[in-house]
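In the working numbering, the protein residues as written are 5 to 275.
Here is the structure:
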């Protein structure tokens, strides 16, 4: 790194840190908490945990609908249910990684939300083995939300390699840092499959540049939960989903965070 690059990196780091501190410690309590479309989510928290009690992936996905609606919608969107974690499935996923063979129903390790492990897990392959894959864990969080339908909360992430946990040393998948991209990809897949009649945003963990999940992997997020209200009865939506409005302050917060995230990616890319 030459002197000019160092000066640029230092300036970006200072600007990013100052803006982040302003957002996180002065504006955050007012800005990121909003539950106008799902008031019951306000008391549930927005972070998963490992079996050891280590904070895991952030909650970033919300679905409205029965379990049948969820299973049907995910299948139509090209996402497959994961096999349970057993000795046989564990050996099969190991073989998939080592020999680069596909395994579309590969097991996913347990995370905990509300004191219990996920109710449903879905995944979508990316490449020839399970070293890279899209996946989402889902918990049935409310029996009836604001629309009278069951509410599911989930954590969607992208596995981009296999390694060891930075905390426990156990073999695990490492996730890509941009968890918002994975959240948005799932929402787009569901909408493209004509399984969504409305979308909206609910407050989650809040804007985070320096997050760490249960394996010690870094992540960044604008802290929003992307909700999709599913079409009932495995039917197809007759039109594109409507987008329910979020408060103007949330749009402003997301614009600020997008700028911060861009600076952060630029800075880390120059290191």
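Using N, Cα and C, we set each Cβ at its ideal position, and we do this for glycine too.
Owing to the predicted nature of the structure, the values given are computational and were not obtained by experimental measurement.
When the distance is taken between beta carbons, is residue j closer than 8 Å to residue i?
i, j, result
"residue 64", "residue 159", "yes"
"residue 186", "residue 161", "yes"
"residue 52", "residue 117", "yes"
"residue 155", "residue 42", "yes"
"residue 66", "residue 231", "yes"
"residue 229", "residue 50", "yes"
"residue 271", "residue 113", "no"
Whose CA, out of the options, lies closest to the CA of residue i?
i, options, result
"residue 268", "232, 214, 230", "214"
"residue 243", "199, 190, 143", "199"
"residue 115", "44, 250, 217", "217"
"residue 180", "232, 57, 271, 222", "222"
"residue 121", "144, 206, 188, 155", "144"
"residue 264", "14, 8, 19, 183", "19"
"residue 249", "73, 56, 40", "40"
"residue 86", "21, 142, 253", "142"
"residue 70", "237, 271, 125, 13", "237"
"residue 253", "14, 38, 12", "38"
"residue 251", "271, 205, 220", "205"
"residue 184", "224, 46, 123", "224"
"residue 164", "153, 149, 148, 182", "182"
"residue 47", "8, 17, 123, 149", "149"
"residue 178", "61, 72, 56, 22", "61"
Could you name the residues of the same chain whose beta carbon sits closer than 6 Å to that of residue i, not counting the 5 residues immediately before and after it, in chain order?
i, result
"residue 195", "245"
"residue 146", "44, 155"
"residue 235", "199, 201, 241"
"residue 157", "63, 66, 143, 145"
"residue 191", "230, 232"
"residue 124", "142"
"residue 8", "none"
To which residues does DSSP link residue i through a beta bridge?
i, result
"residue 223", "215"
"residue 247", "203"
"residue 230", "65, 205"
"residue 116", "53, 121"
"residue 129", "137"
Excluding the five sequence neighbours on either side, which residues of its own chain have a C-beta within less than 7 Å of the C-beta of residue i, listed in chain order?
i, result
"residue 36", "207, 210, 211, 227, 257"
"residue 138", "127, 128, 130, 162, 186, 189"
"residue 266", "none"
Keeping to the same chain, check which residues put their C-beta closer than 8 Å to that of residue i; ignore five residues upstream and five downstream.
i, result
"residue 151", "68, 233"
Under 8 Å: do the region 194 to 208 and the region 68 to 85 share three or more Cβ pairs, one atom per stretch?
Output reads yes: the region 68 to 85 touches the region 194 to 208.
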